Amino acid sequence: MHRYVRATFHPFRFIADAVLMLLISIGTVQPFQRHHPRHQPSFVSRSDFDWNLAREVFRHEDSNVVFSPFSIKLLLTLLYEAAEPGSGTRLQLEAALVDPDMNQTRAFYTQFLNASQQTNGDYEFDIGTKMFLDKARANLPQAYTRLLEQMYRTSVERVSFNGTKATAEQINTWCEKVTRGRITELVTEDTLQDAQLVLANVLFLKASWKNSFPDDQTHNRTFHVADGDKVTTEFMRQMDLYDYTVHEQLGAEVLRLPYKGRQFSMNMVLPHRNVSLAALANALTPTMLESIAEQFVREEVTVLIPKFRFNYGTLLNEAIQRLGIRDVFTKNAALPLLASADDAKQSTTKNEVQVSKMLQKAGIEINEKGTLAFAAT
């Protein structure tokens, strides 16, 4: 049976929201699973954090949304490593861990981040993580900085927060390099006011479709958005064999578009016309995604999807606090390993530092050749 999938009715905002999540947080589990199959169920179960965070961000936006929960979870994990054992701060941060067993969490990030440094002719994938530490402060505990380097590929770079303009330029130059010029301003002078350190993660992915869309099949068509408006945009068209299913419980068609190299794929979700965007967002869970994967059937499908590109940025403090991670943003923060090595010995220094801002900028481009995605947190 030939299938015709035309993504022209209101899924655009949610698809865009899910794409970077699927590429970074779910699609990239595949290479890890081949070496550590027993770890896979635990990782998937902890993806609940990704979807809950997505709903929090999505709920308060009226425009297109794209973000990387992977980038956010990595930085929250670094804060967990710095938190006082048994404290409320540490217990709250557990929600963001890949696995309750820290050995498994560290093993995942070590292997994943090391793999991201390997070159591959099929795609470009780059991840960078740094701690920018004020020169005026004493060194952090050596055991902590060694852990960051060995397990999380995170280096410590000394900067001066007295001259915030130069420091902002230094951070932004690094961010621009990793994202290949896509994000040129992650922080500003105002962002760095009163800062003692900055934890930053940047990622970049450029992947080509396994089967690219023919340029001569791209034409302007009408796109129906969620509020009933119609817009004219370019649509790509291709007929090929794809993994496809109609998921009745979800109320949607689901199509998997593979990239070259078989490390990544994009799952596109097209809700039925009688299914609202909110209902679809609430129904999608890691367990649901597993059931979808089991139902995929290879079929001949004509795919018609829009080309698009957009950027998105948001302050994440409130969304993360609504998920129960609150103490790190207050004077109750218990992060003794982010205190200086000398001061960390004093019991009063557990509240020396707290997170003032957690922000992310991200973007995505989808065209006939493939996908380009990037994020900085």
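Be aware that the sequence shown starts at 0, since it is given in numbering that gives the first Met the number 0, and climbs by one per residue. For every residue, glycine included, the Cβ atom is placed at its ideal position computed from N, Cα and C. The structure presented is a predicted model; accordingly, all values stated were derived computationally and were not measured.
Give the straight-line distance between the Cα atoms of residue 322 and residue 279, rounded to the nearest whole angstrom.
Within the sequence shown, numbered from 1, the residue matching residue 322 stands at position 323. Within the sequence shown, numbered from 1, the residue matching residue 279 stands at position 280. Going by the C-alpha atoms only, they are around 20 Å apart.
Taking the alpha-carbon positions, what's the residue 161 to residue 187 distance?
Position 162 of the sequence shown holds residue 161. Position 188 of the sequence shown holds residue 187. A straight line joining the alpha-carbon of residue 161 with that of residue 187 spans about 14 Å.
Relative to the C-alpha of residue 267, which candidate in 75, 252, 145 has its C-alpha closest?
Translated into positions along the sequence shown, residue 267 becomes position 268. Nearest of 75, 252, 145 to residue 267, Cα basis: 252.
Buried or exposed for residue 231, please, with buried defined as at least 16 other CB atoms from any protein chain shown within 10 angstroms of its CB.
Within the sequence shown, residue 231 is the residue found at index 232, counting from 1. Per the 10 Å Cβ criterion, exposed.
Tell me which residues share the same chain as residue 23 and place their Cβ nearer than 6 Å to its Cβ, disregarding the 5 neighbours each side in the sequence.
In the sequence shown, residue 23 corresponds to position 24, counting from 1. For residue 23, the predicted model reports a pLDDT of 35, less than 50, meaning its position is unreliable; a value from the coordinates is still stated below. Once the five neighbours on either side are set aside, the close Cβ partners of residue 23 are 67, 69.
Please state whether DSSP places residue 152 in a helix, a strand or coil.
For the purposes of this step, residue 152 is taken as residue 153 along the sequence shown, with counting starting at 1. Coil, per DSSP.
Is the segment 143 to 153 touching the segment 168 to 175 in the sense that three or more CB pairs, one from each, lie closer than 8 Å?
At 8 Å Cβ cutoff, the stretches do not touch.
Grab the span of the alpha helix (DSSP H) containing residue 316 for me, first residue to last.
Numbered from 1 along the sequence shown, position 317 holds the residue referred to as residue 316. Looking at the DSSP string, the run of the alpha helix (DSSP H) that includes residue 316 is 316 to 321.
Are the beta-carbon atoms belonging to residue 248 and residue 275 less than 9 Å from one another?
Here residue 248 refers to the residue found at position 249 when the sequence shown is read from its first residue. Here residue 275 refers to the residue found at position 276 when the sequence shown is read from its first residue. Contact flag unset, no.
Check residue 365 in the structure and name its three-state DSSP category.
Taking the first residue of the sequence shown as position 1, residue 365 is located at position 366. Strand.
To which residues of the same chain is residue 184 closer than 7 Å at the C-beta, ignoring the five residues directly before and after it?
What you label residue 184 is simply residue 185 of the sequence shown in a count that begins at 1. Result list for residue 184: 171, in chain order.
How far does the alpha helix (DSSP H) with residue 70 in it reach, from first residue to last?
Here residue 70 refers to the residue found at position 71 of the sequence shown. That run of the alpha helix (DSSP H) goes 68 to 81.
My assumption, with CB atoms under 8 Å, is that residue 95 sits in contact with residue 75. Please give the rounded CB distance.
Translated into the one-based positions of the sequence shown, residue 95 becomes position 96. Translated into the one-based positions of the sequence shown, residue 75 becomes position 76. At roughly 4 Å, the Cβ-Cβ gap stays under 8 Å, so residue 95 and residue 75 are in contact.
Three-state secondary structure (DSSP) at residue 191?
Walking along the sequence shown from the start, residue 191 turns up at place 192. Residue 191 falls in the coil class under three-state DSSP.
What are the boundary residues of the beta strand (DSSP E) that includes residue 250?
The residue you call residue 250 lines up with position 251 of the sequence shown. Looking at the DSSP string, residue 250 is not in any beta strand (DSSP E), and its letter there is neither H nor E.
Under 7 Å Cβ to Cβ from residue 260, same chain only, skipping five residues before and after it: list those, please.
Here residue 260 refers to the residue found at position 261 when the sequence shown is read from its first residue. The answer, listed in chain order, is 119, 121, 122.
Is residue 143 near residue 199, with beta carbons less than 9 Å apart?
Position 144 of the sequence shown, counted from the start, is the residue given in the question as residue 143. Position 200 of the sequence shown, counted from the start, is the residue given in the question as residue 199. Not a contact, by the Cβ cut-off of 9 Å.
Kindly list the residues whose CB is nearer than 6 Å to the CB of residue 127, restricted to its own chain and excluding five residues on each side of it in sequence; keep chain order.
Sequence index remark: in the sequence shown, residue 127 carries index 128 (1-based). Excluding positions up to five away in sequence, the list reads 177, 201.
How is residue 182 classed by DSSP in three states: helix, strand or coil?
Here residue 182 corresponds to residue number 183 of the sequence shown, with the count starting at 1. Reduced to three states, the DSSP call for residue 182 is coil.
Whose C-alpha, out of 360, 317, 295, 213, is nearest the C-alpha of residue 306?
Here residue 306 refers to the residue found at position 307 when the sequence shown is read from its first residue. Of 360, 317, 295, 213, the residue nearest in Cα terms is 213.
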